[in-house]
Amino acid sequence: MPKPAGTPSIFMLCETCYWCATYFDKTKVVEKCPKCLAGMLSSFPIMPDEAFIFSCDAKRGVELDFTRRK
Numbered sequence: 001m002p003k004p005a006g007t008p009s010i011f012m013l014c015e016t017c018y019w020c021a022t023y024f025d026k027t028k029v030v031e032k033c034p035k036c037l038a039g040m041l042s043s044f045p046i047m048p049d050e051a052f053i054f055s056c057d058a059k060r061g062v063e064l065d066f067t068r069r070k
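First residue of the sequence shown: 1, per the numbering used here; consecutive thereafter.
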């Protein structure tokens with residue numbers, strides 16, 4: 001079944017190992033990181049007209065850059 005128009009996706013980020021994923025169905029969101037099994041997950045809604053770039057490096061840490069889709 002397709003996702004209803006206007007429904008936000010959920011970006012999940014593990015605060016321990018920086019595993020990340022985008023979930024299109026909020027009923028499928030996990031409570032523990034599937035990689036390191038930590039329970040330190042952050043979540044951000046991503047609206048249908050938004051896009052983002054995820055980057056991570058040792059000096060700057062995690063960086064998320066949100067923009068509007070064209």
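Quick reminder that beta carbons are idealized off the backbone N, C-alpha and C, glycines included.
Values in this document were obtained by computation on a predicted structure and should not be read as measured data.
Close-in-space but distant-in-sequence residues of the same chain around residue i (CB under 6 Å, 5 per side omitted)
i                : result
isoleucine 53    : Asp65
phenylalanine 11 : Thr22, Phe44 and Ile46
Under the three-state DSSP convention, the category residue i falls into
i            : result
threonine 27 : helix
serine 55    : strand
threonine 16 : coil
threonine 7  : coil
aspartate 65 : strand
Residue i, buried or exposed, once every other Cβ within 10 Å from all chains shown has been counted against 16
i          : result
leucine 37 : exposed
Spatial neighbours of residue i in its chain, beta-carbon cut-off 8 Å, leaving aside the 5 residues before and after
i           : result
cysteine 20 : Phe11, Met12, Leu13, Cys14 and Phe54
Contacting residues, own chain, Cβ-Cβ under 7 Å from residue i (five flanking each side not counted)
i           : result
cysteine 33 : Cys14, Thr16, Cys17, Trp19 and Leu41
| query | If we count Cβ pairs, one from each stretch, closer than 8 Å, do we get three or more for the stretch 11 to 29 versus the stretch 41 to 53? | reply | yes
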